[in-house]
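J.: Just dropping this structure here.
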């Protein structure tokens, strides 16, 4: 019988377990099961986002999908990304969506279908895009590689901070992104202000 | 590793021995023990919540010069249980036209957002849930989940006062997240880590409140605004908006909103203690984890008392004044403080004037702020004085 | 045996296609923006998965993903401001009815 232990987050004290049968072959590890559950959550929530009639429910299903993506980032050892995903997407963007839906609702109750006339064409296109991407991906060599353990002592948050402000790393995109956010801030306030 | 030096791991090792003695695999027993630890932590937080109801009622009574509950049990200690029984047996009304699923999930989400915070709260150097290396951002993320719960509750109640209250509350909470995050960055700069446990261990030397008192003040103010407690409680002011976003909630659902607000206040009291006032450190007594946990809880109760003191002594602030205070005063002040702190931290680190230097920069910034406010106030008074004779002349005609 | 990289990429391809369907098939302008958000998240999953699987010491994947966060936030803010402004004038948010510039 073998023991397998994988740690999910650096610093987490729990270890995952293997579900093993008597012969000692490793079936799915707990990480696999967690990934499948999270992937099912993300895809089911995304489907509900694009098909539900009530727009507030659509925004709330988006919150569920975004939370699933945050869990996925945590599985991928990108802890900073996971937390920032919750703060920015769920804490700001989803709330913006809910506010916008509430402010533009007065004359449209959700009557009738929310899908346009040619929606089956859009569904076909979506399926074709997915099939094309999937076939192209599977045909790549090395696409089934598994993850190597994180190198010991790698402080991703510190490396990320250094990469964002080092002049020979990504300082320029960082500064441009901050100018973009300033422009979006001023522009959004100017467009949406009620000039009475 | 004895019980007194490391209680959690000692008990975990003992239980693991028992479980493997029963034939369970070592890895599976680890998972089971992790779940058990989570359940114990959550139960502790919720039992503490019951005690906090009693603390709140006694403290508000003393501030208002009366005694508070003293009939049930010695000093009224059984009062919270009577409250809970009353809430459970009340009729559970769902308003007509309400969105049933969202209506029922909102109080659960509000309570969950608060209990999630207990995962990163270190009660002692060896008693904690998890040592995240991005714990400060996790704090902000849990606040964001609470904001979502409020908007769900306000919307699903199908009531325009609930919706208005939810809008105001969410505008409040989102606005005050900005100075709170900036004030949280200052301990991160000083200690060089975003992990709450790392910040507490840094403070075994000198408390961060001495290095940066202005950051502590900014954090306390924005924490009170995030909690939605007075003087920033326009959302649930009975005289103005009739209980805000939880108007339509009855019985235990309202109980969950109320209890989660109290636990949230206590948890933020705990974070103020951890981030600025040393956490479980107290002149060397933190070597014994159980004693350190008691010290931490006492400090957290003290800051919870400070939050309640502010609540029961100050009048309510109007919503436009609240937002103006945030965007025109707190945010520029906290950003200026952040820039100066980062600069002085790098300049003073190799010298041995670090503590005095950081403290003096805070004093200088506070003095500059007060001077600017006084100049602005003088200018406004002069404008009003020039307008006043003209106004009187118009009135006499 | 860990999780193969292809699982993450197929998940992100599926999420992208669902977002694409949402953008092309929905009437309400806000629902179209929701679909765009799903597509941006699919891209982010791809970036972070490649970062982890190829070389965790190179920060390019995470930095790119953070820039995508910033761009998504900016786009949602301006997009929703535009929609609210159009709603005030034309009292509609159905994308087909905002057709003054069609010839």
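Protein chains in written order, with this note's numbering: chain S, 1 to 196; chain U, 1 to 397; chain E, 1 to 103.
Even glycine gets a Cβ: it sits at the ideal position worked out from N, Cα and C.
Small disclaimer: the values here were computed from a predicted structure and weren't measured.
1. Mind listing which residues of the stretch 121-147 of chain U have their C-beta closer than 8 Å to chain S's C-betas, in chain order?
2. Taking only the alpha-carbon atoms, compute the straight-line gap between residue 89 of chain U and residue 249 of chain U and give it to the nearest angstrom.
3. Which ranges does the alpha helix (DSSP H) cover as unbroken runs of at least 4 residues, wholly within the stretch 21-90 of chain S, from first to last along the chain?
4. Go ahead and pull the three-state DSSP assignment for residue 66 of chain U.
5. Measure from the alpha carbon of residue 228 of chain U to the alpha carbon of each residue in U/251, U/263, U/205 and U/215, then state which is nearest.
6. Give me the residue from U/158, U/55 and U/82 with the minimum Cα distance to residue 94 of chain U.
7. Within 8 Å, do at least three Cβ pairs link the stretch 42-57 of chain S to the stretch 138-150 of chain U?
8. What residues in the stretch 24-52 of chain S bring their beta carbon closer than 8 Å to a beta carbon of chain E?
9. Starting from the Cα of residue 126 of chain U, find the closest Cα among U/289, U/103, U/336 and U/310 and give me that residue.
10. Have a look at residue 68 of chain U and residue 28 of chain U and give me their C-alpha separation to the nearest angstrom.
11. Rounded to a whole number of angstroms, what is the C-alpha to C-alpha distance between residue 175 of chain U and residue 323 of chain U?
12. Is the distance from the Cβ of residue 95 of chain S to the Cβ of residue 170 of chain U below 9 Å?
13. Residues of chain S with CB closer than 8 Å to the CB of residue 102 of chain U, please, in chain order.
14. Within 9 Å of any Cβ in chain S, is that where the Cβ of residue 308 of chain U sits?
15. Please go through the same chain and pick out, in chain order, the residues whose beta-carbon is closer than 8 Å to the beta-carbon of residue 6 of chain U, but skip the five residues on each side of it.
16. Which chain E residues are close to residue 171 of chain S, counting only those with a beta carbon under 7 Å from its beta carbon?
17. Thinking just about the alpha-carbon of each residue, which of U/230, U/339 and U/53 is nearest to the one in residue 185 of chain U?
18. Around the Cβ of residue 312 of chain U, are there at least 16 other Cβ atoms within 10 angstroms (buried) or fewer (exposed)?
19. Can you tell me whether residue 299 of chain U is buried or exposed? The criterion is at least 16 other CB atoms within 10 Å of its CB, across all chains shown.
20. Where does the unbroken alpha helix (DSSP H) through residue 204 of chain U begin, and where does it stop?
21. For a contact meaning CB atoms closer than 9 Å, what does residue 59 of chain E contact in chain S?
22. Would you decide whether residue 2 of chain S is buried or exposed? Buried here means 16 or more other CB atoms lie within 10 Å of its CB.
23. Per DSSP, what kind of secondary structure is residue 127 of chain U in: helix, strand or coil?
24. The stretch 188-201 of chain U: which residues have C-beta closer than 7 Å to a C-beta of chain S, in chain order?
25. Starting from residue 343 of chain U, trace the alpha helix (DSSP H) in both directions and tell me its first and last residue.
26. Going by alpha carbons, who is nearest to residue 80 of chain S out of U/258, U/52, U/133 and U/98?
27. Output yes if chain S places a C-beta closer than 9 Å to the C-beta of residue 27 of chain E; else output no.
28. Within a Cβ cutoff of 6 Å, which residues of the same chain sit near residue 116 of chain U, ignoring the five residues on either side of it in sequence?
29. Is residue 63 of chain E buried or exposed, if buried means 16 or more other CB atoms sit within 10 Å of its CB?
30. Could you tell me the alpha carbon to alpha carbon distance between residue 21 of chain S and residue 25 of chain U, rounded to whole angstroms?
31. Kindly list the residues whose CB is nearer than 6 Å to the CB of residue 155 of chain U, restricted to its own chain and excluding five residues on each side of it in sequence; keep chain order.
32. Any idea which residues DSSP pairs residue 94 of chain E with across the strands?
33. For residue 121 of chain U, which of helix, strand or coil comes out of DSSP?
T.: Reading off the structure:
1. Close to chain S, meaning a Cβ-Cβ distance shorter than 8 Å, are the following residues of the stretch 121-147 of chain U: 130, 131, 132, 133, 134, 137, 138, 140, 141, 143, 144, 145 and 147.
2. Residue 89 of chain U and residue 249 of chain U have their alpha carbons spaced roughly 14 Å apart.
3. The stretch 21-90 of chain S contains these whole alpha helix (DSSP H) runs: 30-51, 55-75 and 79-85.
4. Reduced to three states, the DSSP call for residue 66 of chain U is coil.
5. It is U/263 whose Cα lies nearest to the Cα of residue 228 of chain U.
6. Looking at U/158, U/55 and U/82, the one whose alpha-carbon comes closest to that of residue 94 of chain U is U/158.
7. Short answer: they don't touch.
8. So the close ones are 26, 29, 31, 32, 35, 39, 42, 43, 46, 47, 49 and 50.
9. Out of U/289, U/103, U/336 and U/310, U/289 has the C-alpha closest to the C-alpha of residue 126 of chain U.
10. Distance between residue 68 of chain U and residue 28 of chain U, taken at the CA atoms: about 50 Å.
11. Looking at the backbone, the Cα of residue 175 of chain U and that of residue 323 of chain U are separated by about 7 Å.
12. Closer than 9 Å, so yes.
13. Correct list: 56, 57 and 60.
14. Residue 308 of chain U does not count as touching chain S.
15. Answer for residue 6 of chain U: 126 and 289, listed in chain order.
16. What residue 171 of chain S touches in chain E: nothing, since even the nearest Cβ is about 10 Å away.
17. That would be U/339, whose Cα lies nearest to the Cα of residue 185 of chain U.
18. Answer is exposed; the Cβ neighbour count stays below 16.
19. Buried: at least 16 other Cβ atoms inside 10 Å.
20. Unbroken run through residue 204 of chain U: none, as it is neither H nor E.
21. By Cβ distance, chain S contributes 156, 159, 160, 162, 163, 164, 169 and 170.
22. The predicted model places residue 2 of chain S with a pLDDT of 35, which falls under 50 and marks its position as unreliable, so this point remains unresolved.
23. Here residue 127 of chain U sits in coil by DSSP.
24. From the stretch 188-201 of chain U, only 194 have a Cβ closer than 7 Å to chain S.
25. Note, residue 343 of chain U: alpha helix (DSSP H), 331-348.
26. The alpha carbon of residue 80 of chain S has as its nearest neighbour, out of U/258, U/52, U/133 and U/98, the alpha carbon of U/133.
27. Interface residue, yes.
28. Around residue 116 of chain U: 142.
29. Residue 63 of chain E is buried by the Cβ-count criterion.
30. Bear in mind that the predicted position of residue 21 of chain S carries a pLDDT of just 39, short of 50, making it unreliable; the figure below should be weighed with that in mind. Going by C-alpha positions, residue 21 of chain S is about 12 Å away from residue 25 of chain U.
31. In its own chain, leaving out the 5 sequence neighbours on each side, no residue places its CB closer than 6 Å to the CB of residue 155 of chain U.
32. For residue 94 of chain E, DSSP records a beta bridge to E/28.
33. Secondary structure of residue 121 of chain U (DSSP, three-state): coil.
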